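According to my numbering, the sequence shown is numbered sequentially starting from 30.
See structure below.
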Amino acid sequence: MRLRGWLYTRATRRRRMMEAGSSDISVAIVSSVVGKSPREVTYSFVFDEAYRLVQRGVNVHVVRAAVEESSSSYGINFHGIRRRVDAEAFVELLKNLPLYSPFALLRNPLMLYWENLYALNISNVVENLRIDLIHAHFAYPEGFSGLIAKRRTKKPLVVTLHGYDILVEPSVKYGIRLSKRYDALVREVLVNADAVIVASRAVFEEAVKLRGRKSGTYLVHNGVDIKRFNPNLNGSLIRKRLGIENKFVVFSARHHRPVYGLEYLIKAAALVVKLRSDVVFVIGGEGPLRTYHEKLVEMLNLENNVIFTGRIPRDEMPHYYAASDAVVVPSLQEAWSLVVTEAMASGKPVVGTRVGGIVDQIIDGYNGFLVPPRDPKAIAEKILWLIDNPDEAKRMGMNGRRLAEEKFDIEKRIEKIIGIYKELVG
């Protein structure tokens with residue numbers, strides 16, 4: 030089975046290289062828990078990127094942080110950690126201690142060991158398979174382990190930043206850099222990475238500040254599959270399943286965590302329902318605050334107007350957008366927000382907060398509205414406007430679709446990433 034997967038990978042890679050005209054580049058993508066199929070939700074954006082790199086002829090090896098045998102799936106080669114207890118990793122840790130700042134050393138010794146264990150296995154994959162470069166998603170832990178591997182293998186290191194690893198929101202304790210110990214590690218990674226990829230202007234500015242230079246910092250907008258997310262899908266099955274056929278549907282798919290501001294959406298729902306009882310708020314996702322949000326709904330007497338779906342399977346997400354009339358993203362901080370991009374590609378108007386990468390996607394009054402964070406009244410006002418102006422709401426949705434086609438197609442992102450690879454490997 031493994032041989033067949035290897036042969037498939039090799040044959041399809043050669044064919045796609047000829048079709049796409051791509052160079053024979055090999056990359057070790059460092060992503061600790063990314064799934065092995067398009068159906069898995071965890072770090073799905075990494076899988077989508079890796080899969081499309083393979084289609085363009087890049088030889089992709091993903092190094093995960095699990096004890097597992099090497100395997101192949103969808104043309105991607107997956108590698109794990111050989112064993113949890115590895116004497117060589119202890120040797121690597123001792124050798125690499127001078128690389129750590131004093132702050133970074135004031136942590137659980139097991140974390141120091143794990144970073145070097147992961148780095149050792151990344152290095153082994155790179156050296157044994159003669160891989161051209163290392164591409165880590167997130168500055169920590171993947172980027173730091175990738176940096177250790179870079180120093181051992183002498184291969185270029187690319188780091189993609191995703192938000193939690195660089196942006197902070199102290200009010201809800203969001204961001205790893207709130208700890209000086211991890212802030213030191215993130216700075217070390219960014220200063221020494223050969224290329225840093227960011228999705229939004231907010232992250233670009235912060236990355237440049239930490240790196241001390243613009244060179245090697247690339248603003249490459251995130252993208253989605255604009256064929257998969259499109260305005261022509263039928264959402265009637267989702268509406269029928271949820272019993273909301275004749276309602277105005279407001280959709281939001283967020284983890285139930287403080288930084289995503291769902292309580293402000295629920296409070297906005299209470300204001301909307303006072304004026305329009307024919308509105309339903311569908312909230313997808315799981316997280317530690319779900320129970321609190323459910324109790325908030327009960328307290329505000331919104332049981333008939335708010336539906337919590339729990340985790341939504343990836344293959345159903347496009348149909349949830351199709352079933353909605355508007356999408357709301359009430360985040361307190363957000364490096365990008367693929368929910369906004371997916372909603373735009375689906376032809377839906379979006380109400381989003383004026384934070385992070387959301388402002389790179391929503392043009393206020395054109396494809397949606399920007400509102401201040403933590404402002405239920407502002408959210409409610411924009412939702413009511415969309416309800417009262419259906420033709421304008423539809424026009425906004427189509428404007429968003431055009432923007433997605435022009436700027437946020439994932440295939441365009443992949444082209445730019447391959448261009449960065451080529452620069453680094455010559």
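Just so it is clear, CB atoms sit at the ideal spot from N, CA and C, and this is done for glycine as well.
These figures come from a predicted structure and were not determined experimentally.
Subject >> Residues near TYR293 in its chain [Cβ-Cβ closer than 8 Å; skip 5 each side] >> reply: As a working mapping, residue 293 is identified with position 264 in the sequence shown. For TYR293, where only same-chain residues beyond five positions count, the Cβ hits under 8 Å are PRO359, PRO402, ARG403, ASP404, PRO405, ILE408.
**OP:** Determine the direct distance from the alpha carbon of LEU176 to that of VAL218, and round the result to whole angstroms.
**Re:** Locating residue 218 in the sequence shown gives position 189, where the first residue counts as 1. Locating residue 176 in the sequence shown gives position 147, where the first residue counts as 1. Rounded to whole angstroms, VAL218 to LEU176 spans 6 Å at the Cα level.
Subject >> Those runs of the alpha helix (DSSP H) which lie wholly inside the segment 404-442 and span at least 4 residues >> reply: Runs of the alpha helix (DSSP H) inside the segment 404-442: 405-417, 419-436.
**OP:** For SER102, name the three-state secondary structure that DSSP assigns.
**Re:** Along the sequence shown, one-based indexing puts residue 102 at 73. DSSP places SER102 in strand when its eight states are reduced to three.
Subject >> Closest Cα partner of PRO317 within the set ASP254, GLY264, GLY339 >> reply: Position 288 of the sequence shown, counted from the first residue, corresponds to residue 317. That would be GLY339, whose Cα lies nearest to the Cα of PRO317.
Subject >> Residue from VAL197, ASN153, TYR142, VAL154 whose Cα sits closest to the Cα of PRO170 >> reply: Here residue 170 corresponds to residue number 141 of the sequence shown, with the count starting at 1. The residue with the shortest Cα to Cα distance from PRO170 is TYR142.
Subject >> Nearest-angstrom Cα separation, counted from VAL87 out to MET47 >> reply: As a first step, residue 47 is located in the sequence shown; it is residue number 18 there, counting from the start. As a first step, residue 87 is located in the sequence shown; it is residue number 58 there, counting from the start. With a pLDDT of only 40 at MET47, under the threshold of 50, the placement of this residue in the model should not be trusted; the figure read from the coordinates follows. Computed Cα separation, rounded: 11 Å.
Original post:
Do three or more CB pairs link the segment 433-445 to the segment 74-94 at distances below 8 Å?
Top reply: yes
Original post:
Under 8 Å between the Cβ atoms of VAL91 and ILE110?
Top reply: As a first step, residue 91 is located in the sequence shown; it is residue number 62 there, counting from the start. As a first step, residue 110 is located in the sequence shown; it is residue number 81 there, counting from the start. No.
**OP:** Below 8 Å on the Cβ atoms is my guess for SER66 versus ARG93; work out the distance and round it to an integer in Å.
**Re:** In the sequence shown, residue 66 corresponds to position 37, counting from 1. In the sequence shown, residue 93 corresponds to position 64, counting from 1. With 8 Å as the limit, SER66 and ARG93 do not qualify as a contact, their Cβ atoms being about 13 Å apart.
**OP:** Could you check how far apart the C-beta atoms of LEU432 and ASN396 are, in whole angstroms? I think they sit under 8 Å.
**Re:** Sequence index remark: in the sequence shown, residue 432 carries index 403 (1-based). Sequence index remark: in the sequence shown, residue 396 carries index 367 (1-based). That belief holds up - the Cβ atoms of LEU432 and ASN396 are roughly 6 Å apart, short of 8 Å.
Subject >> Segment limits, alpha helix (DSSP H) that includes TYR21 >> reply: This structure leaves residue 21 out entirely; the chain is present only between 30 and 455.
**OP:** From the DSSP output, in three-state form, read off PHE132 for me.
**Re:** Translated into the one-based positions of the sequence shown, residue 132 becomes position 103. Looking at PHE132 - three-state DSSP - the assignment turns out to be helix.
**OP:** May I ask you to verify whether the segment 224-242 touches the segment 173-193, counting CB pairs closer than 8 Å and requiring at least 3?
**Re:** yes
**OP:** Identify which residue in PHE437, PHE277, ALA422, GLY241 has its Cα closest to the Cα of VAL308.
**Re:** For the purposes of this step, residue 308 is taken as the residue at position 279 of the sequence shown. Considering only alpha carbons, the answer is PHE277.
**OP:** Please report how far the alpha carbon of PRO419 lies from the alpha carbon of HIS284, in whole angstroms.
**Re:** The residue you call residue 419 lines up with position 390 of the sequence shown. The residue you call residue 284 lines up with position 255 of the sequence shown. Whole-angstrom Cα-Cα distance: 29 Å.
Original post:
Quick one, are the C-beta atoms of ILE449 and VAL187 less than 8 Å apart?
Top reply: To locate residue 449, count along the sequence shown from 1; it is residue 420. To locate residue 187, count along the sequence shown from 1; it is residue 158. In contact: ILE449 and VAL187 (Cβ atoms closer than 8 Å).
**OP:** Under 8 Å by Cβ, that's how I've got ALA355 and LYS324 pegged, so tell me the actual separation to the nearest angstrom.
**Re:** Stepping through the sequence shown from its first residue, residue 355 is reached at position 326. Stepping through the sequence shown from its first residue, residue 324 is reached at position 295. Taking 8 Å as the upper bound for CB-CB distance, ALA355 and LYS324 are not in contact here, some 25 Å apart.
Original post:
Would you say SER61 touches the ligand SAM, meaning its beta carbon is less than 7 Å from a heavy atom?
Top reply: In the structure shown, the ligand SAM is absent, as is every other ligand, since no ligand is present at all.
**OP:** Report yes if the CB atom of ILE160 is closer than 8 Å to the CB atom of ALA224, and no otherwise.
**Re:** Counting from one through the sequence shown, the residue named residue 160 turns up at place 131. Counting from one through the sequence shown, the residue named residue 224 turns up at place 195. Not in contact: ILE160 and ALA224 (Cβ atoms no closer than 8 Å).
**OP:** Leaving out five residues on either side along the sequence, give the residues of the same chain with a beta carbon under 6 Å from the beta carbon of ASP254.
**Re:** Here residue 254 corresponds to residue number 225 of the sequence shown, with the count starting at 1. Counting only Cβ-Cβ distances below 6 Å, and skipping sequence neighbours, we find ILE439.
**OP:** Taking GLY252 as the reference, give the member of ASN263, VAL227, SER244, SER265 with the closest Cα.
**Re:** Taking the first residue of the sequence shown as position 1, residue 252 is located at position 223. Answer by Cα proximity: VAL227.
**OP:** Give me the Cα-Cα distance between PHE23 and VAL215, rounded to the nearest whole angstrom.
**Re:** Because the chain spans 30 through 455 in this model, residue 23 falls outside it and cannot be assessed.
Original post:
CA-CA distance, LEU123 and ARG319?
Top reply: In the sequence shown, counting from the first residue as 1, residue 123 sits at position 94. In the sequence shown, counting from the first residue as 1, residue 319 sits at position 290. Whole-angstrom Cα-Cα distance: 43 Å.
**OP:** Please go through the same chain and pick out, in chain order, the residues whose beta-carbon is closer than 6 Å to the beta-carbon of HIS164, but skip the five residues on each side of it.
**Re:** Counted from its first residue, the sequence shown places residue 164 at position 135. For HIS164, where only same-chain residues beyond five positions count, the Cβ hits under 6 Å are VAL56, ILE58, VAL187.
Original post:
How far does the alpha helix (DSSP H) with TYR247 in it reach, from first residue to last?
Top reply: The residue you call residue 247 lines up with position 218 of the sequence shown. It is not in any alpha helix (DSSP H) - TYR247 instead sits in the beta strand (DSSP E) that spans 246-248.
**OP:** Check whether the Cβ atoms of GLU144 and SER174 sit closer than 8 Å, and answer yes or no.
**Re:** Position 115 of the sequence shown, counted from the first residue, corresponds to residue 144. Position 145 of the sequence shown, counted from the first residue, corresponds to residue 174. Yes, Cβ-Cβ distance for GLU144 and SER174 is below 8 Å.
Original post:
If you compare alpha carbons, which of THR370, PHE119, LEU291 is closest to PRO260?
Top reply: Position 231 of the sequence shown, counting from 1, holds the residue named residue 260. The shortest C-alpha separation from PRO260 is found at THR370.
**OP:** Output the boundary residues of the alpha helix (DSSP H) element that contains THR370.
**Re:** Numbered from its first residue, the sequence shown carries residue 370 at position 341. Note, THR370: alpha helix (DSSP H), 367-374.
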